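Okay, so the sequence shown: first residue is 221 according to my numbering, each after it adds one.
Ideal Cβ positions, reconstructed from N, Cα and C, are used throughout, including at glycine.
From a predicted model like this one, the values you see are computed outputs, not experimental measurements.
Accompanying notes for the structure given below.
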Amino acid sequence: MHIAHQSDQLPPRAGRAASLRSRYLMAMALMAALLFGTVWLLQHYIGGIRTERIQSTQARHAAALQSDLLRDAVLSLEWSMHQYFSTPNAKRRDALFRAVDLAYQRERGLAGVGWLRRNGFGSQLDALDYALHELPTRLGQLMPPAGRARSSSEAPGDATDQLIAPLWRQIHIVDQALRTSAQGDVMRLIGALRNIVNTLWLLAGTALMLTVLGFFLFERYVLNPISLMAHALRDEAHGKRDLVLPVATTAETQHLVEAFTEMRRLVLERQQALEHQALHDTLTGLPNRTLLQDRLQQEIHHLRRAGYGYLALLVMDLDGFKEINDTLGHPIGDGLLQQLSDRLLREVREGDTVARLGGDEFAIVLEGADETEGRRKAARILSLLEKPFEVAGQSLYVAGSIGIAVYPHHALTPQELSRRADVAMYVAKREKNGIAVYDTRQDHYTLQRLAQANDLRSAINNEHLQLYFQPQIDLRTNAFIGVEALLRWLHPQRGFISPEDFIPVAEQTGLIRHLTYWVLDQALARCAAWRNQGTPLGSMSVNLSTYNLQDADLYLEVARLLKKWGIPPYLLVLEITESSMMANPARAQATLEKLNDIGVQIAVDDFGTGFSSLSYLKQLPVDKLKIDKSFVMQMNEDEDDAMIVHSTIDLAHNLGLEVIAEGVETDEALNLLRDLRCDAAQGYYISRPLSATDLEHWLQTSPYCENFEAAPGPDAPEPDLPTTH
Numbered sequence: 221m222h223i224a225h226q227s228d229q230l231p232p233r234a235g236r237a238a239s240l241r242s243r244y245l246m247a248m249a250l251m252a253a254l255l256f257g258t259v260w261l262l263q264h265y266i267g268g269i270r271t272e273r274i275q276s277t278q279a280r281h282a283a284a285l286q287s288d289l290l291r292d293a294v295l296s297l298e299w300s301m302h303q304y305f306s307t308p309n310a311k312r313r314d315a316l317f318r319a320v321d322l323a324y325q326r327e328r329g330l331a332g333v334g335w336l337r338r339n340g341f342g343s344q345l346d347a348l349d350y351a352l353h354e355l356p357t358r359l360g361q362l363m364p365p366a367g368r369a370r371s372s373s374e375a376p377g378d379a380t381d382q383l384i385a386p387l388w389r390q391i392h393i394v395d396q397a398l399r400t401s402a403q404g405d406v407m408r409l410i411g412a413l414r415n416i417v418n419t420l421w422l423l424a425g426t427a428l429m430l431t432v433l434g435f436f437l438f439e440r441y442v443l444n445p446i447s448l449m450a451h452a453l454r455d456e457a458h459g460k461r462d463l464v465l466p467v468a469t470t471a472e473t474q475h476l477v478e479a480f481t482e483m484r485r486l487v488l489e490r491q492q493a494l495e496h497q498a499l500h501d502t503l504t505g506l507p508n509r510t511l512l513q514d515r516l517q518q519e520i521h522h523l524r525r526a527g528y529g530y531l532a533l534l535v536m537d538l539d540g541f542k543e544i545n546d547t548l549g550h551p552i553g554d555g556l557l558q559q560l561s562d563r564l565l566r567e568v569r570e571g572d573t574v575a576r577l578g579g580d581e582f583a584i585v586l587e588g589a590d591e592t593e594g595r596r597k598a599a600r601i602l603s604l605l606e607k608p609f610e611v612a613g614q615s616l617y618v619a620g621s622i623g624i625a626v627y628p629h630h631a632l633t634p635q636e637l638s639r640r641a642d643v644a645m646y647v648a649k650r651e652k653n654g655i656a657v658y659d660t661r662q663d664h665y666t667l668q669r670l671a672q673a674n675d676l677r678s679a680i681n682n683e684h685l686q687l688y689f690q691p692q693i694d695l696r697t698n699a700f701i702g703v704e705a706l707l708r709w710l711h712p713q714r715g716f717i718s719p720e721d722f723i724p725v726a727e728q729t730g731l732i733r734h735l736t737y738w739v740l741d742q743a744l745a746r747c748a749a750w751r752n753q754g755t756p757l758g759s760m761s762v763n764l765s766t767y768n769l770q771d772a773d774l775y776l777e778v779a780r781l782l783k784k785w786g787i788p789p790y791l792l793v794l795e796i797t798e799s800s801m802m803a804n805p806a807r808a809q810a811t812l813e814k815l816n817d818i819g820v821q822i823a824v825d826d827f828g829t830g831f832s833s834l835s836y837l838k839q840l841p842v843d844k845l846k847i848d849k850s851f852v853m854q855m856n857e858d859e860d861d862a863m864i865v866h867s868t869i870d871l872a873h874n875l876g877l878e879v880i881a882e883g884v885e886t887d888e889a890l891n892l893l894r895d896l897r898c899d900a901a902q903g904y905y906i907s908r909p910l911s912a913t914d915l916e917h918w919l920q921t922s923p924y925c926e927n928f929e930a931a932p933g934p935d936a937p938e939p940d941l942p943t944t945h
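Given below as structure tokens:
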């Protein structure tokens, strides 16, 4: 997938873009100011209208009250005038003038309402005041002289109407003005309400416009950039190179684009790192098996297109590397592999490929190399191993086995070429000649081993395996003391298969753990059955592989099986070889000590055939030594073998160990072992390995079992055995 550089994606800009958050906050502040300002103005406006109308109403009410009082006074004046002019006398004259004074007082009360003059009623009030001021004078003119009665021609009603009419007219004008003022207040209230409604509509319209504007701004500054980023992410997921990113018009968009670009850069780096890890070995940095197959495919494709040429594939496995790992630790082994990879890279040409297939296995692809060139290069590579590897202050030596397969002579595909180079490598390792070229005649053996591994797995699951038992006798009492369980495989098609053939297969394929547990389970089950039947049976010996001593859970499984079948631990003897102990002495010692804590006996099998270390032997919790049959079978004829057997017996006794001799096939050998003070023996002379049924018959008929008594166990109670999950 191609990804453009960050600088190619970001649009040019003069400076940092404004923040969308700040723009939003500013817009919200303006909108809030507008809203609150409008509400405040409306509140002030409504408050002013309310105060003004209240004052106007109160003043108009006061004016109306004074107007009513004035009206009553004028009515009283009019009545007094009728009374006087109908029958003039001094008393009625005084009453008339008092009515005039009352009317004048009422007019002064009306004129005292300041609101009337402020609202344009001054002319009406002045006219009313003038009429009342003129009234006494006009009354004086209409009143008859003192001592003279009014003539009949002077009608009192006309005089009254003449005097009162102006007053009523002015009072009516004032009342009409008050009504007009009240209607004006109503109209002003209606206008104020209309203004408020219009203002609210204006606010609603403004809010709608701001909402629409906000949506367009939101779409421009938020939705569109997010949509473009979503498309860019989708295109990125599909590996497109040219991506359309949003223009950084806001700080948030700019941060988003920068974050996306940074993410692309980091993803690219991580992808490249993952691709490198997926195709390269993490320890050495060399191509791994996957990349090796890819390069083989490319090289073969080029050779096919060219129509000629060769390609050699070398597969190398180190000899003795496991012992370095187990003895000195994996960091030391890793350092050796790193130095070896450097040596290999310096040895090959630029176009060649060096790969690590896993563990201590390497592959080299040689362009244009035939079988001769492949052999020459393989010899050069093996010579690289002759120089010691200096790791952590230690000089380490390893050997190697190299298998060679050549395209197109041996295979036409990368897979077949790799498989056949592997076959040749295993041939070189088996024959210990360092280098082997693939041969079709050798391939059958490898395929046969693969089929044998599959058949062995099936045999374990389908109970095609059987246990045979070889008796052991005590040379001091000539009595039966126990048996050794021996595994046998009778293949349905291939017949009997020797343990020497299928045990290595089990070790190489990892089946040895399952196989050993199966043997232990079957042996202890048979031991429990014989004990329940009352059949005389001593100890049960079972062989362990080198790989079993590296199994941290071995003692737990042994303890579980002992408890499962109710067998005392001291009746179980686990036999190990010297080589299995020396492969990783520390781990072997830890495993054996755990087994010894359970109460199981430990015997060293085939003693004398390996490179023994007496210091380790002294430290290990071993109970017995078994002298290998290669020394026992010829000791009557070979003095050296007899001396080795004698020395081994003395050594074991000095270490406090019991000695068992294997391979006793003659009476002379049995007697010689007695003379050498050997403790026990087993071999064909005593009995061949027997099936369970045959062993039961042998136990009933053999003279070695006439006075057999099971050896008593320890006085201490059985230990509390650990259990597995």
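Kindly list the residues whose CB is nearer than 7 angstroms to the CB of residue 466, restricted to its own chain and excluding five residues on each side of it in sequence; keep chain order. By 1-based counting over the sequence shown, the position of residue 466 is 246. Around residue 466: 444, 445, 448, 449, 473 and 477.
Rounded to a whole number of angstroms, what is the C-alpha to C-alpha distance between residue 531 and residue 586? Translated into positions along the sequence shown, residue 531 becomes position 311. Translated into positions along the sequence shown, residue 586 becomes position 366. Each residue's alpha carbon lies about 6 angstroms from the other.
Beta-carbon spacing of residue 852, residue 912 below 8 angstroms: Locating residue 852 in the sequence shown gives position 632, where the first residue counts as 1. Locating residue 912 in the sequence shown gives position 692, where the first residue counts as 1. The answer is no: Cβ separation not under 8 angstroms.
May I have a chain-ordered list of the beta strand (DSSP E) segments no shorter than 3 residues that lie completely inside the stretch 516–573? 531–539
Could you tell me the distance, in whole angstroms, from the CA atom of residue 239 to the CA atom of residue 430? Within the sequence shown, the letter at position 19 stands for residue 239. Within the sequence shown, the letter at position 210 stands for residue 430. Each residue's Cα considered, the two are about 19 angstroms apart.
Where the alpha helix (DSSP H) through residue 778 begins and ends: Counted from its first residue, the sequence shown places residue 778 at position 558. Looking at the DSSP string, the run of the alpha helix (DSSP H) that includes residue 778 is 774–785.
Please name the residue, chosen from 840, 841, 825 and 874, that lies closest to residue 850 on a Cα-to-Cα basis. Mapped onto the sequence shown, residue 850 falls at position 630. It is 825 whose Cα lies nearest to the Cα of residue 850.
Just to confirm my understanding: we take residue 412, look at its own chain, exclude 5 residues before and 5 after, and list those with CB closer than 8 angstroms. What are they? What you label residue 412 is simply residue 192 of the sequence shown in a count that begins at 1. Contacts found: 265, 266 and 269.
What three-state label does DSSP hand residue 261 in the structure shown? Here residue 261 refers to the residue found at position 41 of the sequence shown. The answer is helix: DSSP assigns residue 261 an H, G or I state.
Note down the Cα distance separating residue 715 from residue 733, rounded to an integer number of angstroms. To locate residue 715, count along the sequence shown from 1; it is residue 495. To locate residue 733, count along the sequence shown from 1; it is residue 513. Residue 715 and residue 733: Cα-Cα distance of roughly 24 angstroms.
Note down, in chain order, each residue of its chain lying with its Cβ closer than 8 angstroms to the Cβ of residue 897, except the 5 sequence neighbours on either side. Residue mapping note: residue 897 aligns to position 677 of the sequence shown, counting from 1. Result list for residue 897: 869 and 873, in chain order.
State the Cα-Cα distance for the pair residue 770 and residue 812, rounded to the nearest angstrom. Working through the sequence shown from its first residue, we reach residue 770 at position 550. Working through the sequence shown from its first residue, we reach residue 812 at position 592. Whole-angstrom Cα-Cα distance: 10 angstroms.
Could you tell me if residue 489 is buried or exposed, where buried requires 16 or more neighbouring beta carbons within 10 angstroms of its beta carbon? The count along the sequence shown starts at 1 and reaches residue 489 at position 269. Counting the other CB atoms within 10 Å of its CB gives residue 489 a total below 16, which places it among the exposed residues.
Residue(s) in a DSSP beta bridge with residue 760: Numbered from 1 along the sequence shown, position 540 holds the residue referred to as residue 760. Answer is 703 and 792, bridged to residue 760.
Quick one: any contact between the stretch 541–550 and the stretch 651–661, if contact means 3 or more CB pairs under 8 angstroms? No, they do not touch.
Considering only C-alpha positions, which residue in the set 529, 577, 524 and 761 is nearest to residue 510? Here residue 510 is taken as the residue at index 290 of the sequence shown, counted from 1. That would be 577, whose Cα lies nearest to the Cα of residue 510.
C-alpha distance - residue 886 paired with residue 691, whole-angstrom precision: Here residue 886 corresponds to residue number 666 of the sequence shown, with the count starting at 1. Here residue 691 corresponds to residue number 471 of the sequence shown, with the count starting at 1. For residue 886 and residue 691, the distance between alpha carbons rounds to 15 angstroms.
Separation of residue 629 from residue 638, as counted between CA atoms: Indexing the sequence shown from 1 puts residue 638 at position 418. Indexing the sequence shown from 1 puts residue 629 at position 409. Going from the Cα of residue 638 to the Cα of residue 629 covers about 13 angstroms.
Would you list the one or two residues that DSSP bridges to residue 711? On the sequence shown, residue 711 is found 491 positions in, with the first residue counted as 1. BP columns for residue 711 point to 715.
Measure the Cβ-Cβ separation of residue 464 and residue 451 and say whether it is below 8 angstroms. Reading the sequence shown from its first residue, position 244 is the one you call residue 464. Reading the sequence shown from its first residue, position 231 is the one you call residue 451. Yes.
Note down, in chain order, each residue of its chain lying with its Cβ closer than 8 angstroms to the Cβ of residue 313, except the 5 sequence neighbours on either side. As a working mapping, residue 313 is identified with position 93 in the sequence shown. Closer than 8 angstroms at Cβ, skipping near neighbours: 304 and 363.
Straight-line Cα distance separating residue 820 from residue 839: Along the sequence shown, one-based indexing puts residue 839 at 619. Along the sequence shown, one-based indexing puts residue 820 at 600. Taking the straight line from one Cα to the other gives about 17 angstroms.
Does the Cβ of residue 882 have 16 or more other Cβ atoms within 10 Å, making it buried, or fewer, making it exposed? One-based indexing of the sequence shown puts residue 882 at position 662. Flag for residue 882 reads buried.
Which of helix, strand or coil does DSSP assign to residue 691? Looking up residue 691 in the sequence shown gives position 471. Correct three-state label for residue 691: strand.
Please report how far the alpha carbon of residue 892 lies from the alpha carbon of residue 856, in whole angstroms. By 1-based counting over the sequence shown, the position of residue 892 is 672. By 1-based counting over the sequence shown, the position of residue 856 is 636. So the alpha carbons of these two residues sit roughly 8 angstroms apart.
Could you tell me the boundaries of the beta strand (DSSP E) in which residue 846 lies? Reading the sequence shown from its first residue, position 626 is the one you call residue 846. Boundaries of the beta strand (DSSP E) harbouring residue 846: 844–847, taken from the DSSP string.
Excluding the 5 residues flanking residue 517 on each side, which residues of the same chain have their C-beta closer than 8 angstroms to its C-beta? Position 297 of the sequence shown, counted from the start, is the residue given in the question as residue 517. Around residue 517: 634.
Round the Cβ separation of residue 292 and residue 327 to the nearest angstrom and send it over; I've been treating them as touching at under 8 angstroms. Here residue 292 refers to the residue found at position 72 when the sequence shown is read from its first residue. Here residue 327 refers to the residue found at position 107 when the sequence shown is read from its first residue. Contact between residue 292 and residue 327 does not hold, since the beta-carbon distance rounds to 12 angstroms and is not under 8 angstroms.
Do the stretch 378–390 and the stretch 252–265 make contact, defined as three or more Cβ pairs closer than 8 angstroms? Cβ pair count under 8 angstroms is below three, so no.
Taking the alpha helix (DSSP H) that residue 619 belongs to, which residues open and close that run? As a first step, residue 619 is located in the sequence shown; it is residue number 399 there, counting from the start. From DSSP, residue 619 is part of no alpha helix (DSSP H) but of the beta strand (DSSP E) over 619–627.
Mapping the DSSP letters down to three states, classify residue 585 as helix, strand or coil. Numbered from its first residue, the sequence shown carries residue 585 at position 365. In this structure, residue 585 counts as strand in the three-state DSSP scheme.
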